[in-house]
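Those letters in the sequence shown? Residues 97 to 194, by the working numbering. Since the structure comes first, as structure tokens, the remarks are kept for the end.
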Amino acid sequence: MDATPAEIGSLVGREVYSNNGVFVGEVEDVRIDLDHEVVTGIAVGGLNREVLGGRARNAGGVIVPFRWVRSVGDVVLVNDVIERLRERESEGETEATA
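Written out as structure tokens, the structure is:
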């Protein structure tokens, strides 16, 4: 994604959804590699705790790698890997209780 500084700043405040339409949170900041002048991640707050499960229990937010971003428009769409994090955690809990 080739973005000017104005475009990068406009990401802040946009809602973040998985590509399956599940609300993840809201962009609070952008992580930038200044040496290479590329966006490396988005800081997401206002988290949907159900999506992230126990991984975000006490977290104020998470950094989503920019490579997981599928598209940016009125909202930011990220890969459904976010949802799979919860599924893996649930599987681990099931194995631990079995």
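Think of the CB as a built atom: it goes at the ideal place given N, C-alpha and C, for glycine as much as any other residue. Since the structure is predicted, the reported quantities are computational estimates derived from the model, not experimental observations.
- By the neighbour-count criterion, in which 16 or more other beta carbons inside 10 Å mark a residue as buried, Val134 falls on the exposed side.
- For the pair Phe162 and Val177, the Cα-to-Cα distance works out to about 13 angstroms.
- Under the three-state reduction of DSSP, Glu122 is assigned to strand.
- Burial is judged here by how many other beta carbons sit within 10 angstroms of a residue's own beta carbon; Gly105 has fewer than 16 and is exposed.
- Taking 8 angstroms as the cut-off, the beta carbon of Val120 is found no closer than this to the beta carbon of Val165.
- Our two residues, Val108 and Asn154, have alpha carbons roughly 22 angstroms apart in a direct line.
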